[in-house]
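Working notes for the structure below.
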Amino acid sequence: LSPVSTSDPTEMIGVLGRSVTFQIHNTDGNPAFWNFDNEAILTVAFEDPPQPLYSKQEFKTRFAVSEKGRALIISQLRMEDAGTYSVIIDGKTSTFTLQVFKELAEPTVTCEAQNCSDGTCSSSLRCSAPGAGFGNVSYTWRLQDQTWDGSSMVLLVNETSQEEPELLTCTARNPVSNKSVTVTTPGELCAGARSSSMVGLRGGFFVLAGILALAFLLILLMVLRKPRGWTKFRLSQPKPADTGATNDYTTVYAEVGPSQQVSP
C-alpha cells in the first residue's frame, strides 16, 4: 500500500552554511523512515539515545537525529539541499519543503543620473545587493522621516543647494537576512560619479592624442626618407653578322644609390 499523507507540506527555510531541523510529533508505533526526493536517508526507532541506520555513508557527515528520534537535523546546508523531505511512520507520511538562501551582503548605492537646473538637482539612485542565490530581494529607502517601501531598486530624489546634508539609508531584505547601507547627500554621491567619469574621459583623451602624435611622426619619417631601389635599363645587343634575325634586347637590373648616376 502507498503511504498516506497526513497534512499539507510544511514550508522550511534554511540559511546556506547553517543547519535546519525537521520536527515530528507523533512518536507512536514503528520506526520512522526519512527520505529526500524519494531517496532513503535513514531509518530510526524512537528510543533514547536514537540509533539511526543510514542508507549511505555520506549521509552520516551532515544528517543526524535527536530528541529520541523525533528530530532530523541537517548541518552545513548547501544550495542543493533544497527540495522535498518526507518521513513515513506506520504508512502515514509527513512532508517538508526546504528552501535554502544565502545571507545578503551589504548593498551598494550608485548614482544612475542627475539633472540640475536653477539650484535644484534631481538624482536617480540605485540600490542593489551583489551576488546570486538570495531569492526575492526587496528594498526600503529612508530619508529622515520619509520611507519608501517595496521592491523598487531605484529612487528619485530632489534637493536644492541650500539644504543641509541628509543621510539616505537603503535596506535590502530576503527571506533569511536584511542589510543596510547609509550614504551622504545624493548630490555628493552623484558628484563623485561625475568626477570619476571625467577622469576616465581625460585619460582616454591623452591616450588618443599620444597615438595620433606617434602616427604623424611615422608618416613624416617616411616622407623625408630618400628612396633606394632597383632601376630598370634596356640595353641594345649588337646584331650577329651571319644572321638575318631582328634586333634582340637584354634587360639588365642595377642597384642605384643616392650617389650613383647613370652613364649614357
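Here the sequence shown stands for residues 1 to 264, where the numbers follow the numbering used here. No residue lacks a Cβ here, since even glycine has one placed at the ideal position from N, Cα and C. Note that the structure is a prediction, hence the values are computed from the model and not measured.
Item, Value
"Reduced DSSP secondary structure (H/G/I, E/B, other) of V176", "coil"
"Closest residue to E112 among S122, G29, D118, E106 (Cα-Cα distance)", "S122"
"Strand pairing of E39, partner residues [DSSP]", "F36"
"Helix, strand or coil at E103 according to DSSP, with G and I counted as helix", "coil"
"N- and C-terminal bounds of the beta strand (DSSP E) containing I266", "Nothing about residue 266 can be reported from this structure: the residues present for the chain run from 1 to 264 only."
"C-alpha distance - N38 paired with L125, whole-angstrom precision", "47 Å"
"For K92, three-class secondary structure by DSSP", "strand"
"Cβ contact check for the segment 143-152 and the segment 208-222: 3 or more pairs under 8 Å", "no"
"Residue from E80, Q114, R78, S66 with nearest C-alpha to T21", "S66"
"Integer-rounded CB distance, given that G69 should sit under 8 Å from V87", "So it is not a contact: roughly 10 Å between Cβ atoms."
"Proximity below 8 Å, CB of T135 to CB of P175", "Per the sequence shown, residue 135 should be read as Gly rather than Thr. Contact flag set, yes."
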